[in-house]
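Chemist: Take a look at the following structure, please.
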Ligand SMILES: [Zn+2]
């Protein structure tokens, strides 16, 4: 199932960027829906454009900051990820339109 949690952010970003990202959650702008994820602007030294996508293949982050341009999963990506989790939108982005899945609690 395509969804993610804080642990995925932690693994991708590392402790340092994760800790910094937690302090940027307040700076995340409105979450915009895209296919397989969200886009958002994070107000840092300047506004940075972040795109997070998550599919069965995993979670990917892109950011317009220098670290993001280097291919790092930066603190801005962490902040957007945490904002997505806080908004309860970290399940599969297409889930809302899909037919409800079978009971995930498993066999009785
Ligand atoms: Zn960044």
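In this note's numbering, the protein residues as written are 454 to 561. Where is the CB? At the ideal position from N, CA and C, for every residue including glycine.
1. From the DSSP output, in three-state form, read off residue 467 for me.
2. Beta-carbon within less than 6 Å of residue 535's beta-carbon, same chain only, minus the 5 sequence neighbours each way: which residues are those?
3. With distances taken from CA atoms, which of 516, 524 and 540 is nearest residue 530?
4. Hey, could you find the ends of the alpha helix (DSSP H) residue 537 is sitting in?
5. For residue 503 versus residue 514, is the C-beta spacing smaller than 8 Å?
6. Is residue 534 near ligand 1, going by C-beta to nearest heavy atom under 7 Å?
7. Ligand 1 and residue 520: does any heavy atom of the ligand fall closer than 7 Å to the residue's C-beta?
8. Would residue 505 and residue 490 be called neighbours here (beta carbons separated by less than 8 Å)?
Modeler: Straight from the coordinates:
1. Looking at residue 467 - three-state DSSP - the assignment turns out to be helix.
2. Leaving aside the five residues that flank residue 535 on each side, the residues in its chain whose CB is nearer than 6 Å to its CB run, in chain order, 478.
3. Closest option to residue 530, Cα to Cα, is 516.
4. DSSP places residue 537 inside the alpha helix (DSSP H), whose first and last residues are 528 to 539.
5. It is a contact, given that the beta carbons lie within the stated cut-off.
6. Not one heavy atom of ligand 1 lies closer than 7 Å to the C-beta of residue 534.
7. Residue 520: yes, Cβ under 7 Å from ligand 1.
8. Going by C-beta atoms, residue 505 is nearer than 8 Å to residue 490.
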